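**Q** My questions will all concern the structure given below.
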Amino acid sequence: DAGVIQSPRHEVTEMGQEVTLRCKPISGHNSLFWYRQTMMRGLELLIYFNNNVPIDDSGMPEDRFSAKMPNASFSTLKIQPSEPRDSAVYFCASGLTQGSYEQYFGPGTRLTVT
Amino acid sequence: QKEVEQNSGPLSVPEGAIASLNCTYSDRGSQSFFWYRQYSGKSPELIMSIYSNGDKEDGRFTAQLNKASQYVSLLIRDSQPSDSATYLCAVTVIYNFNKFYFGSGTKLNVKP
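Read top to bottom, the protein sequences are chains Y and F. According to the working numbering, the first sequence is numbered sequentially starting from 472. According to the working numbering, the second sequence is numbered sequentially starting from 277.
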């Protein structure tokens with residue numbers, strides 16, 4: 472079975488540019504999570520969706536960040552405009568709203584903003 | 277603010293020994309507990325979940341939960357160099373089973 476799919480795997484962009492990260496959750500999962508990981512701050516939850524509806528976006532650092540989930544099999548995280556301090560690894564994870572609540576992570580997108 | 281505390285390590289153990297990783301949490305309402313393994317440059321990989329007090333064994337891994345003392349631990353028996361990684365503890369609370377609170381992770385080094 473395919474796991475969580477993320478694209479691109481690496482992104483290098485210049486400050487001020489728009490960045491869009493993409494995620495396809497595991498088929499059948501109805502929860503989707505966006506995390507950011509840095510050495511300084513560890514793994515941080517940015518936002519999560521249940522059944523395509525945003526439930527908690529309290530971790531989104533500022534208005535430059537936005538996330539959408541137009542359907543059960545696709546989500547995007549957008550940063551506009553990007554800044555060097557946004558450089559991090561961004562992970563998408565998916566899971567279920569019932570049962571074990573386990574979350575399964577995608578391979579991540581390493582973002583570098585110069 | 278939910279706090280999940282882990283010793284950052286590194287924890288060094290010789291090959292074949294038992295590695296013991298600990299995690300404490302501040303919210304008494306915590307309900308579900310998870311251990312993830314993360315190799316350098318890779319994504320977190322779920323290795324154990326535990327929901328009730330006591331021990332849960334899966335191969336060389338044993339998770340131990342003590343809600344009264346608010347700690348959860350992970351034991352790795354017969355440690356192998358391939359177990360060298362950072363281990364992340366995650367906790368959820370009763371009113372939000374979806375939201376994970378992660379510790380900062382413990383780096384484990386298994387020496388051949």
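Don't be surprised by glycine CBs; every beta carbon is placed ideally from N, CA and C. As the structure is a computational prediction, the values presented were derived from the model and not from experiment.
#1: Using 8 Å as the limit for Cβ to Cβ distance, is residue 568 of chain Y near chain F?
#2: Three-state secondary structure (DSSP) at residue 354 of chain F?
#3: Between residue 307 of chain F and residue 369 of chain F, which are expected to be in contact by the criterion C-beta below 8 Å, what is the C-beta distance as a whole number of angstroms?
#4: Taking beta-carbon pairs under 9 Å, can you tell me which members of the stretch 353-380 of chain F lie near chain Y?
#5: Measure the C-alpha to C-alpha separation of residue 536 of chain Y and residue 516 of chain Y and round it to an integer number of angstroms.
#6: Which residues does DSSP pair with residue 320 of chain F in a beta bridge?
#7: Can you grab the Cα-Cα spacing for the pair residue 326 of chain F / residue 572 of chain Y, in whole Å?
#8: How close, in whole Å, do the beta carbons of residue 498 of chain Y and residue 567 of chain Y come, if the pair is a contact with beta carbons under 8 Å?
#9: Return no unless some Cβ of chain Y is closer than 8 Å to the Cβ of residue 350 of chain F.
#10: If you draw a straight line from the alpha carbon of residue 559 of chain Y to that of residue 489 of chain Y, how long is it in whole angstroms?
#11: Counting only the same chain and skipping the five closest in sequence on each side, list residues whose C-beta sits under 7 Å from that of residue 514 of chain Y.
#12: Would residue 314 of chain F and residue 381 of chain F be called neighbours here (beta carbons separated by less than 8 Å)?
#13: Work out the CA separation of residue 577 of chain Y and residue 310 of chain F for me, nearest whole Å.
#14: Let me check one thing: in DSSP terms, what residues is residue 361 of chain F bridge-paired to?
#15: Quick one: which chain F residues come within Cβ less than 8 Å of residue 499 of chain Y?
#16: Comparing alpha-carbon positions, which option in Y/474, Y/545, Y/484, Y/480 lies nearest residue 553 of chain Y?
#17: Below 8 Å on the Cβ atoms is my guess for residue 346 of chain F versus residue 377 of chain F; work out the distance and round it to an integer in Å.
#18: How about residue 322 of chain F: is its C-beta nearer than 8 Å to some C-beta of chain Y?
#19: Sort out for me which residues DSSP pairs residue 329 of chain F with in a bridge.
#20: Does the Cβ-Cβ distance between residue 293 of chain F and residue 355 of chain F come in under 8 Å?
#21: Cβ atoms of residue 375 of chain F and residue 534 of chain Y: under 8 Å apart, would you say?
#22: In whole angstroms, what is the alpha-carbon distance linking residue 521 of chain Y and residue 494 of chain Y?
#23: Just the C-alpha distance for residue 579 of chain Y and residue 492 of chain Y, rounded to the nearest angstrom, thanks.
#24: Can you tell me the Cα-Cα spacing of residue 339 of chain F and residue 555 of chain Y, whole angstroms?
**A** Looking at the coordinates:
#1: yes
#2: coil
#3: 6 Å
#4: 364, 366, 368, 372, 373, 374, 375, 376, 377, 378, 379, 380
#5: 13 Å
#6: Residue 320 of chain F pairs with nothing; no bridge assigned.
#7: 11 Å
#8: Rounded, the Cβ-Cβ distance is 12 Å, inconsistent with contact.
#9: no
#10: 15 Å
#11: 506, 508
#12: yes
#13: 17 Å
#14: F/384
#15: What residue 499 of chain Y touches in chain F: nothing, since even the nearest Cβ is about 16 Å away.
#16: Y/484
#17: Not confirmed; about 13 Å, so no contact.
#18: yes
#19: None, per the DSSP bridge assignment.
#20: yes
#21: no
#22: 15 Å
#23: 10 Å
#24: 39 Å
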